[in-house]
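Q:
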Amino acid sequence: MKNMYYDIKSKKEIKRKEFKLIRNSNTSLIHEKIKINVKSTLNILLNKYHSEGKFIGIYWPLKGEIDIRFIKEINNQKVALPSSSKTKGISYHKWSNNKLEIDAKNIPAPKRENAINPNDISILFVPAIAIDQEGYRLGYGGGYFDRLRQIDLWFSIPSFVVISNNCISKEPLPRDRWDVPFNGWISEKGLHQIEATK
102 MKNMYYDIKS KKEIKRKEFK LIRNSNTSLI HEKIKINVKS TLNILLNKYH SEGKFIGIYW
162 PLKGEIDIRF IKEINNQKVA LPSSSKTKGI SYHKWSNNKL EIDAKNIPAP KRENAINPND
222 ISILFVPAIA IDQEGYRLGY GGGYFDRLRQ IDLWFSIPSF VVISNNCISK EPLPRDRWDV
282 PFNGWISEKG LHQIEATK
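Mapped onto this note's numbering, the consecutive letters of the sequence shown carry residue numbers 102 to 299.
#1: What distance in whole Å lies between the Cβ atoms of L254 and G158, which are believed to be in contact at a cut-off of 8 Å?
#2: When DSSP labels each residue in this structure, what does I287 get in the three-state scheme?
#3: From this set, S288, E289 and V227, which residue's C-alpha is nearest Y193's C-alpha?
#4: Going by DSSP, name the residue or residues bridged to A231.
#5: For a test of the three-state rule: what should DSSP assign to I115, helix, strand or coil?
#6: What separation, rounded to the nearest whole angstrom, lies between the Cα atoms of I137 and W286?
#7: Where does L97 fall in DSSP's three states?
#8: Is S141 near the ligand PLP, in the sense that its beta carbon is under 7 Å from a heavy atom of that ligand?
#9: Expressed to the nearest angstrom, what Euclidean distance is found between the alpha-carbon atoms of I264 and Y160?
#10: Along the chain, where does the beta strand (DSSP E) that runs through F261 open and close?
#11: Suppose contacts are defined by Cβ-Cβ distances below 8 Å. Is G300 in contact with A297 by that definition?
#12: In this structure, does DSSP put M102 in helix, strand or coil?
#13: Could you pull out every residue in the same chain whose Cβ sits closer than 8 Å to the Cβ of V139, ignoring the five residues on either side in sequence?
#14: In the DSSP assignment, find the unbroken beta strand (DSSP E) run with V180 in it and report its ends.
#15: Label I364 either buried or exposed according to how many other C-beta atoms from any shown protein chain fall within 10 Å of its C-beta, with 16 as the threshold for buried.
#16: Whose C-beta lies closer than 8 Å to the C-beta of R248 among residues of the same chain, with five residues either side of it excluded?
#17: Rounded to the nearest angstrom, what separates A210 and D221 at their Cα positions?
#18: Please classify M102: is it buried, with 16 or more other beta-carbons within 10 angstroms of its beta-carbon, or exposed?
#19: Measuring CA to CA, which of K149, E153 and P219 is closest to P183?
#20: Who does G190 pair with in a DSSP beta bridge?
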């Protein structure tokens with residue numbers, strides 16, 4: 102069992118290196134196309150899933166990730182950012198005008214704000230290094246999003262990866278037993294939705 106875990110771990114590490122190189126080769130034009138598609142599909146997703154007064158969960162972009170922070174400026178949208186903790190995993194907090202602080206992964210986060218209940222979030226947008234056709238995401242190896250989405254209330258929130266088309270794997274990505282699929286992705290080719298089941 103232990104050997105199988107390390108086998109999957111090493112396979113994931115190989116895929117991470119492979120897709121990071123691909124992702125880092127993307128031009129600013131590809132990033133802009135994806136941002137346009139995020140903006141245009143946001144209305145579709147809001148009409149389908151969003152309730153008045155609820156939050157949209159987004160992320161603070163790292164190198165190579167698509168910057169979707171502009172969502173905060175659209176119609177005074179209520180936006181939440183994740184904050185990671187070494188002991189408590191990940192939680193979402195209201196992105197207000199208060200100063201952001203660095204979380205356990207050195208990412209700016211609104212740590213002073215109270216954690217938001219999953220019932221108060223209608224959609225999640227998440228970054229990734231890669232995703233496969235079945236919605237399984239390859240992240241940085243911390244397992245934060247998968248552990249969060251193991252919880253049924255979080256899994257029930259429609260969750261989409263924002264990613265370039267060249268990082269959508271045609272073959273299934275290596276996965277651990279705790280990995281859970283996403284509901285689709287938004288790329289420069291638009292929105293792709295799938296039926297995600299645990």
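Quick reminder that beta carbons are idealized off the backbone N, C-alpha and C, glycines included.
A: Looking at the atomic coordinates:
#1: That pair is no contact at about 13 Å.
#2: Assigned with DSSP and collapsed to three states, I287 falls in strand.
#3: Of the candidates S288, E289 and V227, V227 places its Cα closest to the Cα of Y193.
#4: The partner list for A231 (beta bridge, DSSP) reads L239.
#5: Helix at I115.
#6: Distance between the alpha carbons of I137 and W286 is about 14 Å.
#7: Residue 97 lies beyond the range of the chain shown here (102 to 299); nothing can be said about it.
#8: Inclusion of the ligand PLP in the displayed structure is not the case, the ligand content being empty and no account of it being possible.
#9: When only Cα atoms are considered, I264 and Y160 end up about 13 Å apart.
#10: S260 to V263 is the span of the beta strand (DSSP E), which, as asked, contains F261.
#11: Limits of the chain in this structure are 102 at one end and 299 at the other, which puts residue 300 out of reach.
#12: Since pLDDT at M102 reaches only 48, below the 50 mark, its modelled position is unreliable, and the value read off the structure follows with that caveat. In the three-state scheme derived from DSSP, where H, G and I count as helix and E and B as strand, M102 is classed as coil.
#13: Cβ neighbours of V139 within its own chain (closer than 8 Å, five residues either side excluded): I167, I169, I172, F226, V263 and I287.
#14: Following the DSSP letters along the chain, one finds V180 inside the beta strand (DSSP E) bounded by residues V180 to S186.
#15: Since the displayed the chain opens at 102 and closes at 299, residue 364 lies outside it and no answer follows.
#16: Contacts found: G190, I191 and W279.
#17: About 18 Å.
#18: In this prediction, M102 scores a pLDDT of 48, lower than 50, which makes its location untrustworthy; no coordinate-derived value is stated.
#19: Answer by Cα proximity: P219.
#20: According to DSSP, G190 bridges with S186.
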